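Participant:
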Amino acid sequence: MTLHQSLAEAIVDGRAYADGDRIDEVFRRIRSEAPLDIAEPDEYDPFWVVSRHADIKEIERQPNLFHNGDRATVVQTKANAAKIREVTGGEANMSRSVVTVDGKEHKDLRGVLFPHLTPRSVRPMEDKVRKIASEFADQMLELGGECDFAKQVAFLYPLRVLMAFMGVPREDEPMMLKLTQEIFSANDPDLNRSGKQLTPEEALQATLASMAEMETYFLDVTTRLRSEPDGGLNSLIANARIDGDYLTRRQLLSYYVTVATAGHDTTSNATAGIMWALAERPHLFEQIRHDRSLIPALVDEGVRWVTPVKHFMRAATADCELAGQKIAKGDWMMLCYSSANRDDLVFDDPYEFRLDRKDNPQLAFGYGVHVCLGQHLARLEMRVLLEELFDRLASVELSGTPARTISNFVCGPKRVPIRFTAC
Ligand code: HEM
4 MTLHQSLAEA IVDGRAYADG DRIDEVFRRI RSEAPLDIAE PDEYDPFWVV
54 SRHADIKEIE RQPNLFHNGD RATVVQTKAN AAKIREVTGG EANMSRSVVT
104 VDGKEHKDLR GVLFPHLTPR SVRPMEDKVR KIASEFADQM LELGGECDFA
154 KQVAFLYPLR VLMAFMGVPR EDEPMMLKLT QEIFSANDPD LNRSGKQLTP
204 EEALQATLAS MAEMETYFLD VTTRLRSEPD GGLNSLIANA RIDGDYLTRR
254 QLLSYYVTVA TAGHDTTSNA TAGIMWALAE RPHLFEQIRH DRSLIPALVD
304 EGVRWVTPVK HFMRAATADC ELAGQKIAKG DWMMLCYSSA NRDDLVFDDP
354 YEFRLDRKDN PQLAFGYGVH VCLGQHLARL EMRVLLEELF DRLASVELSG
404 TPARTISNFV CGPKRVPIRF TAC
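Taking this note's numbering, I'd label the letters of the sequence shown as residues 4 to 426.
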C-alpha cells in the first residue's frame with residue numbers, strides 16, 4: 004500500500020504548511036487512514052510517513068537502527084539528492100553537522116556545546132536575555148499600538164539573543180537574518196533571494212549559495228577566535244578538539260551554520276505563533292495577565308501549536324518492523340513532528356490551544372540522542388520575552404490577516420499584524 008497521491012504530494016508541498024488548515028487535514032487523514040505508510044510524491048524517492056507520536060519516539064529511541072546521515076536528513080527531490088552528493092563528494096547532506104551525523108561523530112560534536120546549553124548552564128544567562136527582551140518590549144510599545152509582531156519583534160529578538168551568545172556583532176545581525184531566511188525559506192518568494200517562486204533545483208542552488216556566504220563569514224571568525232578565544236558559542240566551536248584535533252573544515256563550518264540558523268529561526272516562529280494565538284484568544288491573555296505562573300505552559304503549548312521544525316528524515320540501517328509494518332534496510336523515514344503534535348492518542352483536543360496540558364508531551368524539540376540542544380535556551384528566551392510583554396500590555400488583537408512561510412521544513416508565521424494597548 005502507498006499513501007493516496009494527493010496526501011503524498013501535500014506533505015512535501017510548502018504551500019500546504021503555509022495554509023495551516025490544509026496540512027492539519029492532510030495529517031488528520033493520514034493518522035486515521037494510514038498512520039505509517041509509504042509516500043511517493045512525484046520526483047521524490049519513496050519514503051515512509053511517520054505520523055504518530057509513539058512511532059516517532061520509537062524511531063528516535065533507536066539511533067543505531069535509524070541513522071541521520073546515510074540519506075538526506077531533510078526531504079529532497081531525487082534530482083536535488085543527487086546534486087547534493089555531487090557537490091559534497093558523495094555525502095547525503097549539504098552540511099556535516101551534529102544533525103547529519105551518527106554514532107561517535109555525533110556524540111563528539113554534540114559534546115562541544117552540550118555542557119554549555121544544559122538547564123543549569125542556561126540559568127545564569129537569564130539577566131542578559133532579560134535585558135534584550137526588555138529592550139524589544141520597550142521598542143514594541145514605542146511603535147504606537149500597532150505592529151507586525153513577526154517582522155518587528157519575533158524575527159529579531161531570538162536573533163539578537165543568539166548572536167550575543169555566539170559572539171556575532173550587532174551590525175552583522177541583518178546579514179545573518181537574511182541568509183538564514185534564504186536558507187530555510189528558499190521556496191517563499193517573500194523571503195528568498197530572488198523574490199520569485201523557484202523550482203526545487205533553483206531553490207537548492209539558492210540555499211547552497213547562501214550557505215556558502217555564511218561559511219565564508221565564519222571562516223574568518225575561526226582564525227580570530229583561535230588566537231583570542233572569548234568563551235562565546237563560536238569560540239567553543241572554533242577551539243573544540245576531538246581526539247586532539249580541531250574539527251575538520253566541513254564539521255566546523257557546518258556547526259556554525261547550524262547554530263546560526265536553527266538557533267533563532269525556530270524560536271522566532273514559535274514566538275510569533277504564540278502572539279498570534281494570544282491575539283485570537285483574549286480570555287487566555289486575561290488569564291495569564293492575572294497569573295504569570297502560566298507563562299511556561301504558554302511557551303510549551305505555543306511550541307506544540309507551531310511546531311517550527313516540520314520534519315527530519317532517518318534511514319533504516321537494517322530490516323526491521325515498526326507498528327506492524329516491515330521496514331527494509333535503507334528505507335527513508337519522515338518524522339512528521341507537526342503531525343505527532345496533533346495526535347489524539349496523546350493530546351486531548353489537539354486542535355485547541357490549551358494551557359492546562361499536564362507535562363505537555365509535545366515533540367517539537369525532537370527526542371532521543373538528537374533532541375534539540377538549544378531547547379532550554381529557547382524556552383528561557385520565550386518565557387522572558389513574554390514576562391516583559393505581560394508587564395506592559397493590557398490587550399492584544401489581530402489587526403490584519405497573519406500569514407505563514409511557504410516551506411516543508413523550518414517555518415511558521417511570517418506576518419502577525421496586531422493592535423495592542425499598554426497597561
Ligand atoms: C523553539 C525553538 C526550537 C525548536 C522547535 C527546535 C527544534 C529542534 C528539533 C526538532 C531538532 C531535532 C531533534 C531530533 O532529531 O530529535 C533540533 C536539534 C537541534 N537544535 Fe533545536 N530547536 C529550537 C531552538 C534551538 C536553539 C535556540 C538552538 C541553539 C542555541 C538549537 C540548536 C539545535 C541543534 C544544534 C540541534 C542538533 C542536535 C543534535 O542533532 O544532536 N535549537 N532542534
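Idealized CB from N, CA, C, for every residue including glycine. Here the structure is a predicted model, which means the values were calculated and not measured.
Throw me the rounded Cβ distance for the His267 and Leu165 pair, which I believe falls under 8 Å.
Facilitator: Contact holds; Cβ gap of about 5 Å.
Participant: Near Ala381, which residues of its chain fall below 6 Å by C-beta distance, leaving aside the five closest residues on each side in sequence?
Facilitator: Correct list, in chain order: Thr270.
Participant: Taking all protein chains shown into account, do 16 or more other C-beta atoms lie within 10 angstroms of the C-beta of Gln184, making it buried, or fewer, making it exposed?
Facilitator: Buried, since its Cβ has 16 or more Cβ neighbours within 10 Å.
Participant: Roughly how many whole angstroms lie between the Cα atoms of Lys86 and Glu283?
Facilitator: Cα to Cα, the separation comes out at about 44 Å.
Participant: Give the range of the alpha helix (DSSP H) segment to which Thr91 is assigned.
Facilitator: Residues Lys81 to Thr91.
Participant: Give the single residue among Tyr249, Arg307, Ser9 and Glu390 whose Cα lies nearest to the Cα of Ala42.
Facilitator: With distances taken between Cα atoms, Ala42 lies closest to Ser9.
Participant: Would you check whether ligand 1 has a heavy atom nearer than 7 Å to the C-beta of Glu61?
Facilitator: No, Cβ of Glu61 sits at least 7 Å from all heavy atoms of ligand 1.
Participant: Could you tell me if the beta carbon of Tyr160 falls within a distance shorter than 7 Å of some heavy atom in ligand 1?
Facilitator: No.
Participant: I think His373 touches Val115, with their Cβ atoms under 8 Å apart; what is that distance to the nearest whole Å?
Facilitator: Actually they do not touch by this definition, with Cβ atoms about 15 Å apart.
Participant: To the nearest angstrom, how far is it from the Cα of Arg252 to the Cα of Asp346?
Facilitator: Going by the C-alpha atoms only, they are around 41 Å apart.
Participant: Buried or exposed: where does Val224 fall if 16 or more other Cβ atoms within 10 Å of its Cβ makes it buried?
Facilitator: Val224 is buried by the Cβ-count criterion.
Participant: From Leu112 to Thr121, what distance separates their C-alpha atoms?
Facilitator: Roughly 15 Å between the two C-alpha positions.
Participant: Just checking His70 against ligand 1 - is the residue's beta carbon closer than 7 Å to any of the ligand's heavy atoms?
Facilitator: His70: no, Cβ never under 7 Å from ligand 1.
Participant: Given 7 Å as the limit, tell me if Cys375 has its C-beta closer than that to any heavy atom belonging to ligand 1.
Facilitator: At least one heavy atom of ligand 1 is nearer than 7 Å to the Cβ of Cys375, so yes.
Participant: So Val52 and Ile14 are supposed to be a Cβ contact under 8 Å. How far apart are they, rounded?
Facilitator: Right, the Cβ-Cβ distance comes to about 6 Å (below 8 Å), so this counts as a contact.
Participant: Work out the CA separation of Pro127 and Glu390 for me, nearest whole Å.
Facilitator: For Glu390 and Pro127, the distance between alpha carbons rounds to 17 Å.
Participant: Roughly how many angstroms lie between the CA atoms of Lys107 and Ala331, to the nearest whole one?
Facilitator: Spanning the two alpha carbons is a distance of roughly 24 Å.
Participant: Answer with buried or exposed for Tyr160, where buried requires no fewer than 16 other C-beta atoms within 10 angstroms of its C-beta.
Facilitator: Buried, since its Cβ has 16 or more Cβ neighbours within 10 Å.
Participant: Are there three or more Cβ pairs, one per stretch, closer than 8 Å when the stretch 59–70 is compared with the stretch 353–361?
Facilitator: Too few Cβ pairs lie closer than 8 Å, so no.
Participant: Out of Pro66, Gln378 and Val78, state which residue places its alpha-carbon closest to the alpha-carbon of Asn411.
Facilitator: Here the closest residue by C-alpha is Val78.
Participant: Measure how close the beta-carbons of Pro38 and Arg55 come, nearest whole angstrom, since I'm counting them as under 8 Å.
Facilitator: That belief holds up - the Cβ atoms of Pro38 and Arg55 are roughly 5 Å apart, short of 8 Å.
Participant: Using DSSP's beta-bridge definition, name the partner residues of Ile330.
Facilitator: DSSP, once it has assigned bridges, lists Cys323 as partnering Ile330.
Participant: Do you know how far the Cα of Lys134 is from the Cα of Asp81?
Facilitator: Inspection of the sequence shows that residue 81 is occupied by Lys rather than by Asp. About 47 Å.
Participant: How many Å lie between Thr274 and Leu366 at the Cα?
Facilitator: For Thr274 and Leu366, the distance between alpha carbons rounds to 17 Å.
Participant: Helix, strand or coil, according to DSSP, for Ala42 in the structure here?
Facilitator: Three-state result, Ala42: strand.
Participant: If you check the beta carbons only, do Cys375 and Arg395 fall under 8 Å apart?
Facilitator: No, Cβ-Cβ distance for Cys375 and Arg395 is not below 8 Å.
Participant: Expressed to the nearest angstrom, what Euclidean distance is found between the alpha-carbon atoms of Ala189 and Tyr370?
Facilitator: The alpha-carbon atoms of Ala189 and Tyr370 are separated by roughly 27 Å.
Participant: Report the three-state DSSP secondary structure of Ala157 (helix, strand or coil).
Facilitator: If DSSP states are grouped into helix, strand and coil, Ala157 belongs with the helices.
Participant: Answer with buried or exposed for Gly148, where buried requires no fewer than 16 other C-beta atoms within 10 angstroms of its C-beta.
Facilitator: With fewer than 16 other Cβ atoms within 10 Å, it is exposed.
Participant: Could you pull out every unbroken alpha helix (DSSP H) segment of at least 4 residues lying fully inside the stretch 342–425, listed in chain order?
Facilitator: The stretch 342–425 contains these whole alpha helix (DSSP H) runs: 378–395.
Participant: For a test of your reading of the model: does the CB of His56 fall under 7 Å from any non-hydrogen atom of ligand 1? Yes or no.
Facilitator: Checking the Cβ of His56 against ligand 1 gives no.
Participant: Taking 8 Å as the threshold (C-beta atoms), are Gly305 and Gly415 in contact?
Facilitator: In this structure, Gly305 does not lie closer than 8 Å to Gly415 by Cβ.
Participant: Is Leu338 near Phe315, with beta carbons less than 8 Å apart?
Facilitator: In contact: Leu338 and Phe315 (Cβ atoms closer than 8 Å).
Participant: Any heavy atom of ligand 1 closer than 7 Å to the CB of Asp378?
Facilitator: For the record, residue 378 in the displayed sequence is Gln; it is not Asp. Yes; taking the cut-off as 7 Å, the Cβ of Gln378 has a heavy atom of ligand 1 nearer than that.
Participant: When you measure from the CB of Pro311 to every non-hydrogen atom of ligand 1, does any distance come out below 7 Å?
Facilitator: Answer for Pro311: yes, Cβ within range of ligand 1.
Participant: Is it true that the CB of Ala95 sits closer than 8 Å to the CB of Gly72?
Facilitator: Their beta carbons are under 8 Å apart, which means Gly72 touches Ala95 by this criterion.
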